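K.L.:
This is the structure I have questions about; it appears just below.
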Amino acid sequence: MANHKSAMKRHRQSLKRRARNRVSKTRIKNTVKAVRLAIEEKDTTKAQELLKEASSVLDKAARKNVIHSRQAQRRIARLQTAVNKIAE
1 MANHKSAMKR HRQSLKRRAR NRVSKTRIKN TVKAVRLAIE EKDTTKAQEL
51 LKEASSVLDK AARKNVIHSR QAQRRIARLQ TAVNKIAE
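Here the sequence shown is numbered in the UniProt record's numbering, starting from 1 and rising by one per residue.
Okay, structure coming up:
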């Protein structure tokens with residue numbers, strides 16, 4: 001544990017950010033998992049609705065610097081491709 005006042009504040013801030021990031025990453029995992037389940041079930045309408053929600057969650061995480069913006073774009077693109085395949 002840090003001894004200097006500024007270092008102790010840094011530690012408190014990092015704990016807050018870690019908790020916030022964990023919530024966001026868990027939400028990402030759950031929404032992406034829901035889209036993948038809908039894709040496996042070949043439920044096109046449900047998959048498209050869930051994809052819209054997942055892309056929103058991923059974009060928000062990228063804006064908040066929880067994940068890199070290119071990673072968010074890549075995940076959305078791959079999910080979109082999978083949804084388009086079952087829509088055909």
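Note that the Cβ used here is the ideal one computed from N, Cα and C, for glycine as well. Every value quoted in this text rests on a predicted model; they were computed, and no experiment measured them.
#1: Near Ala2, which residues of its chain fall below 6 angstroms by C-beta distance, leaving aside the five closest residues on each side in sequence?
#2: Just the Cα atoms here: how many angstroms apart are Glu53 and Ala19?
#3: Indicate, with yes or no, if the ligand PLP has a heavy atom lying under 6 angstroms from the CB of Arg78.
#4: Thinking just about the alpha-carbon of each residue, which of Lys33, Gln48, Arg17, Asn30 is nearest to the one in Ile86?
#5: Thr31 to Ile67, Cα distance in whole Å?
#6: What first and last residue would you give for the alpha helix (DSSP H) that runs through Lys46?
#7: Starting from Asn21 and walking both ways along the alpha helix (DSSP H), at which residues does that stretch end?
P.N.:
Let me lay it out:
#1: The answer, listed in chain order, is Met8, His11.
#2: Those two C-alpha atoms are separated by around 22 angstroms.
#3: With respect to small molecules bound, the structure shown includes none, and the ligand PLP cannot be examined in it.
#4: When Lys33, Gln48, Arg17, Asn30 are compared, the shortest CA-CA separation from Ile86 is found for Gln48.
#5: Spanning the two alpha carbons is a distance of roughly 15 angstroms.
#6: 44–63 is the span of the alpha helix (DSSP H), which, as asked, contains Lys46.
#7: 5–40 is the extent of the alpha helix (DSSP H) around Asn21.
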